[in-house]
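Numbering (our numbering), first residue to last: 5 to 186.
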């Protein structure tokens, strides 16, 4: 059975997730280069220069944007439009792609084996944003609205193995962290 949570509870859960992952993010960003700096695609498409991973602050910006649910456009949107809007609003634009395209891989994201908060979790037919990899939780637009769920629950396991993708920073990433036109 799919877990359905109210927007208020989702905001609380995301806030608790931030507190749980902050020490790990800080420790990881201070240690030796992590798996995030490796290119995770299994095909030959690789950038000519190493891709830059998002910083801990940038990952938190993406998750923080999800907390601003009172401005979420409720009609005419699905999970991939929702995720696209959150990334754009957080200042990390990319060319819109549906879940099948994201699952296959796009130039704006690279596949990773070990997700971090702010990464995409993608199945064929659904996408979300990882909130706490230690708890396997993600945030997405579900049939009940914006909610937090776990990607290792029986419901999501029946949909197959998810793939994880990390945003690739480029020269056009905005320096401002939040846009107000959600």
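For each residue, glycine too, the CB sits at the ideal point set by N, CA and C.
Every value quoted in this text rests on a predicted model; they were computed, and no experiment measured them.
Residue of the options minimising C-alpha distance to residue i
i: residue 106; options: 153, 125 and 57; result: 125
i: residue 138; options: 160, 63 and 119; result: 119
i: residue 63; options: 121, 156 and 143; result: 121
i: residue 123; options: 59, 168, 156 and 81; result: 168
Buried/exposed call for residue i, threshold 16 Cβ in 10 Å
i: residue 99; result: exposed
i: residue 109; result: buried
i: residue 6; result: Legend: pLDDT at residue 6 = 44, less than 50; position of this residue unreliable, value from coordinates given subsequently. Label assigned to residue 6: exposed.
i: residue 158; result: exposed
Alpha-carbon to alpha-carbon, residue j and residue i
i: residue 104; j: residue 84; result: 10 Å
i: residue 36; j: residue 115; result: Any reading at residue 36 must be qualified, since the residue scores a pLDDT of 36, below 50, and its modelled position is unreliable; the value itself is stated next. Roughly 20 Å between the two C-alpha positions.
i: residue 44; j: residue 173; result: Summary for residue 44: the model assigns pLDDT 37, below 50, so the residue's position carries little reliability; its value from the coordinates is reported in the next sentence. Answer to the nearest angstrom: the Cα atoms are 15 Å apart.
i: residue 101; j: residue 61; result: 25 Å
i: residue 94; j: residue 132; result: 15 Å
i: residue 59; j: residue 112; result: 16 Å
Expected contact under 8 Å - CB spacing of residue i and residue j to nearest Å
i: residue 154; j: residue 67; result: The pair is not a contact, with the Cβ atoms about 16 Å apart (cut-off 8 Å).
i: residue 170; j: residue 57; result: 6 Å
i: residue 143; j: residue 70; result: 5 Å
i: residue 96; j: residue 145; result: Wrong, their Cβ atoms sit about 18 Å apart, outside the cutoff.
i: residue 140; j: residue 156; result: 4 Å
Interface flag, residue i vs chain B, CB-CB below 7 Å
i: residue 143; result: Here chain B cannot be found, since the structure has a single protein chain.
Quiz item: Touch check for the stretch 147-165 and the stretch 88-99: three-plus C-beta pairs under 8 Å?
Solution: no
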